[in-house]
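Below is one structure, written out as structure tokens, with a few remarks after it.
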Amino acid sequence: MHRPDLFRQMTADGWTVIEDDGFIGLVGPFLMRGSFPDLQFAFITDHRHRNLRGVLQGGALMTFADRVLGLTARAGTQSTRTATVQMDTHFIDAVHIGTLLEARPRLLRATSQLMFMTTDLTVDGKLVATANGVWKKLAPAKS
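Per this note's numbering, the sequence shown runs over residues 167 to 309.
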């Protein structure tokens, strides 16, 4: 991890790691705090996340956005399983490696099957990207 000092400070300030032994475990850690509807998410970027220009790879930003929007969709509807149906990402500015990327997603509307989501992604309060999308509620997993 590129910024262990920042990670230690954030966990001391009440941020918790989003545990995931799948793909997110390879790119994270992602952190969260709060409860719905005031969830906050954070991603400390490091050298693993850089592209050929030396800034954050767009796919890393999109992965973060997808995960935080999905978790917020679940929290807002008490769904145990959801799937991304569609997500648009608009890149506004580069994210430098070693910075803290933050998101505060919002559930805009929920129907019986679909959740419409949005989030701004910021660094030090500066807008660097937006993501909007639709998530679908899935049936509970079969045992």
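C-beta: ideal position from N, C-alpha, C; glycine also.
Predicted model, so just to flag it, every value in this text is computed and none were measured.
**Asked** If you check the beta carbons only, do Gly242 and Phe196 fall under 8 Å apart?
**Response** For the purposes of this step, residue 242 is identified with residue 76 of the sequence shown, where counting begins at 1. For the purposes of this step, residue 196 is identified with residue 30 of the sequence shown, where counting begins at 1. Not closer than 8 Å, so no.
**alpha helix (DSSP H) segments (min. 4 residues) lying fully within the segment 170 to 200** = 170 to 178, 189 to 193
**Item:** For Gln175 and Arg240, the rounded distance between their alpha carbons
**Value:** By 1-based counting over the sequence shown, the position of residue 240 is 74. By 1-based counting over the sequence shown, the position of residue 175 is 9. Those two C-alpha atoms are separated by around 28 Å.
**When Ile263, Thr285, Gly180, Leu235 are compared against Lys302, the one with the closest alpha-carbon** = Taking the sequence shown and counting its residues from 1, the one referred to as residue 302 is at position 136. Per the Cα distances, Leu235.
**Prompt:** Got a sec? Which residues, its chain only, sit under 6 Å from Thr296 by beta carbon, not counting five neighbours each side?
**Reply:** Locating residue 296 in the sequence shown gives position 130, where the first residue counts as 1. The residues are His256, Asp286.
**Phe257 - DSSP class collapsed to helix/strand/coil** = Position 91 of the sequence shown, counted from the first residue, corresponds to residue 257. It is a strand residue.
**Prompt:** Using DSSP with H/G/I as helix, E/B as strand and the rest coil, what is Asp286?
**Reply:** Along the sequence shown, one-based indexing puts residue 286 at 120. Three-state DSSP puts Asp286 in a strand.
**Request:** Sort Thr265, Arg270, Val261, Gln244 by Cα distance to Pro306 and report the nearest one.
**Result:** Here the question's residue 306 lines up with position 140 in the sequence shown. That would be Gln244, whose Cα lies nearest to the Cα of Pro306.
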